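Protein chains in written order, with my numbering: chain A, 1 to 298; chain B, 1001 to 1298; chain C, 2001 to 2298; chain D, 3001 to 3298. Just so you know, even glycine gets a beta-carbon here, dropped at the ideal spot from N, CA and C. Computed from a prediction, not measured in an experiment: that's the story for all the values here.
Below is the structure:
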């Protein structure tokens, strides 16, 4: 079987279902669908090691928000998306303690820029609280890290984050990154939140050392947006849809491995979604309404 | 038949050969292969309307330089590429008269940025010659235009260029743009030079009004680098390789139309190739060696 | 006397008053002060050639909005500033016809970036109206030009604008540029609107060919924000304040000529004011409220 | 007396000499002038606490290279400057061990961008040596950190560097920053090297926690380039030159405190000098000639 690559728990579950006998049951995994602020929400819970092995993801909660209708720009599409992301994130997060928000990826490459761009919309308060504690007593301390690109730093993102965590001593990390999806329809329409950490660069670059409670010693919440489809995965799907099932995985992977498939207007889409994520983080951490965030960021 | 999309005359000829009976001959088109500075060069001449119709390109010369080995970074790979581009361009160009170099595309989107990035490596001399004619008597007047993106200007590239041509009155235009290829192997390994003008945005955006002698009143030389493969074309090729020939073009096009396939490290590749193009233009226009260009651009 | 340099009509009038005998009257110039949306507004009208000679500015209206209190960020400071700029601009402008908005200056140099940054907040509609006239029937056609820097184009801003005006045929031009002030207190606290055109680069670079009705054939409205103080002017003021009146102008100018004085956080200040200007232009041209502009720009 | 602000040991010594009685001797400080690659070099050694107090700088070596003639662009001006910076730096540095190069400052503000821009010209090797130790055995491990701006990170540069030093464990830090000078003639014509560490943000921002052996536990070498003159210092100098000696320091400081004086073409000057610094670091750390650096960075 062709091992399709996905960073979404939702898709990992779909893949399991496609591959498994109809009669078998996926034990150790619970899933539920609902709606939030008009956007469909799927919650996948990986309950134990059995579920983790089946889906190839660590145990924990994976919330997937479907923002397909965001692009129709109906009434309050932006505010509803922010509240949907913000309220789900708030449920996952501990209710207090300083936070470090990490924007992973390459700001100069649109399909990899969702992390640094979202970081630009996050209210940075740590230094203000330190300098004027009375003035900013209503805020939760937030620091922001943009890890940059290995080729221009020589340092893995996980190392850089670990170093800063040791120095800044936050209670939690929120890491934002671009992901790879296996369905074109999920690219730039999906936000995945999880409490299980993240492996940087899954979307665009190579797999790297993980950011999670094991490596950092504090809980790591991940916000991922699929911005690319693996060219090999896209090809395999197309071939399967055409009835070809004996796909030479090795050959397909090697011919397509350095390619990514991405929307033509990826820069505008990523910019808009990054703002949703940044505002959602402010909503969750600071209990601020969107108007207030606007005023503080201007 | 699935109408594969390509901006390369080389590929248009290949497509014609694939589709035509082996015994038929492509009249009105001449092609020849050679080597230049160690890089393979294919020259396709479209001699008349018959050839133009067969290949879907206007009559003229199309030179395609294969820079695949550029990425192996063997001795003088950069200098050889500059001289290869520069010497071929010099043959096409009139030997004197002021030039306007137009960098088409979106500098913020790596697969569309080859035009603006190449423009940044072009020696701009028009204002210097006007201000200090004696000092700069050895230089050919060169102005540079970066047309930007329709969504942020409201003006088609062809309109913007026509307006500046009327004002600046150059003898010729050199237009640089990203192209689409139908083969992954040609992406970021190919430079096409032609004397037939260009339709901006073929590579990444939509087709636009042409830049050519008809629309501008002066000869337009085009330098194009394929940076993307059409996702639909890639899919069709993959399906054909797998023996599927009855492809539902309509369906494939519509499902993939907003997608592009591009290398993962497109930013670094485009930056290097844009420098080759910019230096090649300086080589052709100013008769400067690479060391001299380095000194003048620093 | 030391010829102090200023781009502000307000300051030219002050300089005249300082230099003239108390008893003389500045004929050909009318001035009035009022308040608008909480911000002080000075209107200087240069009525004839006599006034023009006295102030060194062409006849016309010069409105100077004092945004000093903008930086205190009191209630609705941003919305009030937008409405103040927008309503004054609307009074100056003809009530219909397509507009070309020109962002002058160098986007990479914060004290010179107010033009290109403001342009980024202008709703670009010309291409949308052309493509979907019914959908966008409620909008006035607006195109945007960013002229860039002479050293990287070889083309004077005035040439580039004239070329595009000939092609796009707007009814009016709105040109935005950084200015020089002679008082530190006016830097990044002042917006000057006028109906007399502009000489690009007054603030940061050298004087260039003018953009006005004479050179472009259509009315040119200028929006200028002082972002720098001439170092020589600052020095002369300091010396005068200290009682030194016999200033060796030649020497002072030559020692300080390549210097500019600018706030330390010029980048943040310019970004905020450029947004006020861009939104003010939308308010004036499209009759849109700020909420609507926000939604359209997101 | 007006406490003039300078980051240059050279100027601190000049100030001491101006203020002190002609007969007194500055004990604890040694100074010598020479020439290197055609550029004047001043070496100030602060030998002990007495010298440190007199000059307001910690004991150590301060090398000041005068690049005034760099801008005349005579033969090999760039190569000579690189060798001059590189050879002096090499003398200061331990001859082996991994290095962390820190680019301090704000890349979006030209007078503050010398650190991040120089970092872009530094060969990053740490990750390559880790991945392919045989291939890169001839290189010294170098990592690069760009600390960004407090307002967008919430983290002091010194904290961020300390965190990464703990993780990456380099033998030494080289920190690059913009400085303030008290003489206009030294702006963008001077490079100061020292083995005493640095206080980030001296040039443009506020004083911050130091980077030095005490705070980081390893030797910190600083490379500073003055890019601004304090407006208050400039004013005080002008007033003194005009014979006014009873300057109201308090008043002058407060009226000018948020201003900086900088060359009009600061962006081009900083870009060129940052490249000299980056190449000089490669020369010192990797024993590479300029041609080799060019090839590796392309």
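7 Å Cβ cutoff, residue i in contact with chain D
{"i": "residue 144(A)", "result": "yes"}
{"i": "residue 2118(C)", "result": "no"}
{"i": "residue 213(A)", "result": "no"}
{"i": "residue 150(A)", "result": "yes"}
{"i": "residue 2179(C)", "result": "no"}
{"i": "residue 43(A)", "result": "no"}
{"i": "residue 25(A)", "result": "no"}
Any C-beta of chain A under 7 Å from that of residue i
{"i": "residue 3353(D)", "result": "Here chain D covers residues 3001 to 3298 and nothing more, so residue 3353(D) does not appear."}
{"i": "residue 2287(C)", "result": "no"}
{"i": "residue 1235(B)", "result": "yes"}
{"i": "residue 1067(B)", "result": "no"}
Cβ of residue i within 7 Å of any chain B Cβ
{"i": "residue 2114(C)", "result": "no"}
{"i": "residue 244(A)", "result": "yes"}
{"i": "residue 2147(C)", "result": "no"}
{"i": "residue 238(A)", "result": "yes"}
For residue i, the first and last residue of its enclosing alpha helix (DSSP H)
{"i": "residue 2120(C)", "result": "2114–2120"}
{"i": "residue 2077(C)", "result": "2077–2092"}
{"i": "residue 1103(B)", "result": "Run containing residue 1103(B): none in the alpha helix (DSSP H); it sits in the beta strand (DSSP E), 1099–1103."}
{"i": "residue 26(A)", "result": "Segment: none, residue 26(A) is in no alpha helix (DSSP H) and carries neither H nor E."}
{"i": "residue 215(A)", "result": "213–216"}
{"i": "residue 1294(B)", "result": "1290–1297"}
{"i": "residue 3153(D)", "result": "3150–3153"}
Below-7 Å beta-carbon distance, residue i vs any chain C residue
{"i": "residue 1135(B)", "result": "no"}
{"i": "residue 1101(B)", "result": "no"}
{"i": "residue 3108(D)", "result": "yes"}
{"i": "residue 3259(D)", "result": "yes"}
{"i": "residue 1122(B)", "result": "no"}
{"i": "residue 3104(D)", "result": "no"}
Residue i - partner residues in DSSP beta bridges
{"i": "residue 3191(D)", "result": "3065(D)"}
{"i": "residue 1036(B)", "result": "1039(B)"}
{"i": "residue 1260(B)", "result": "262(A), 1230(B)"}
{"i": "residue 2031(C)", "result": "2044(C)"}
{"i": "residue 225(A)", "result": "178(A)"}
{"i": "residue 3060(D)", "result": "3046(D)"}
{"i": "residue 3198(D)", "result": "3211(D)"}
{"i": "residue 3220(D)", "result": "3173(D)"}
Range covered by the beta strand (DSSP E) that runs through residue i
{"i": "residue 1144(B)", "result": "1142–1146"}
{"i": "residue 1174(B)", "result": "1172–1181"}
Span separating the alpha-carbon of residue i from that of residue j
{"i": "residue 2172(C)", "j": "residue 2097(C)", "result": "8 Å"}
{"i": "residue 2030(C)", "j": "residue 2046(C)", "result": "7 Å"}
{"i": "residue 17(A)", "j": "residue 3286(D)", "result": "55 Å"}
{"i": "residue 2213(C)", "j": "residue 2197(C)", "result": "7 Å"}
{"i": "residue 1289(B)", "j": "residue 3200(D)", "result": "42 Å"}
{"i": "residue 1164(B)", "j": "residue 1144(B)", "result": "10 Å"}
{"i": "residue 3178(D)", "j": "residue 7(A)", "result": "42 Å"}
{"i": "residue 3024(D)", "j": "residue 3042(D)", "result": "21 Å"}
{"i": "residue 2050(C)", "j": "residue 2028(C)", "result": "6 Å"}
{"i": "residue 2263(C)", "j": "residue 294(A)", "result": "25 Å"}
{"i": "residue 2060(C)", "j": "residue 2284(C)", "result": "19 Å"}
Near the ligand NAP: residue i beta-carbon under 6 Å from a heavy atom
{"i": "residue 3145(D)", "result": "In the structure shown, the ligand NAP is absent, as is every other ligand, since no ligand is present at all."}
Contact list for residue i against chain F, beta-carbon separation under 7 Å
{"i": "residue 1140(B)", "result": "Note that chain F does not occur in the displayed structure, where the protein chains are A, B, C and D."}
Contact list for the segment 1155–1169 of chain B against chain C, Cβ threshold 7 Å: 1155, 1159, 1160, 1162, 1163, 1164, 1166, 1167, 1168
When Cβ atoms are compared, which residues of the segment 262–283 of chain A fall closer than 7 Å to chain C? Within the segment 262–283 of chain A, the qualifying residues are 272.
Using a Cβ-Cβ cut-off of less than 7 Å, give me the residues of the segment 72–83 of chain A that come near chain C, in sequence order. 78
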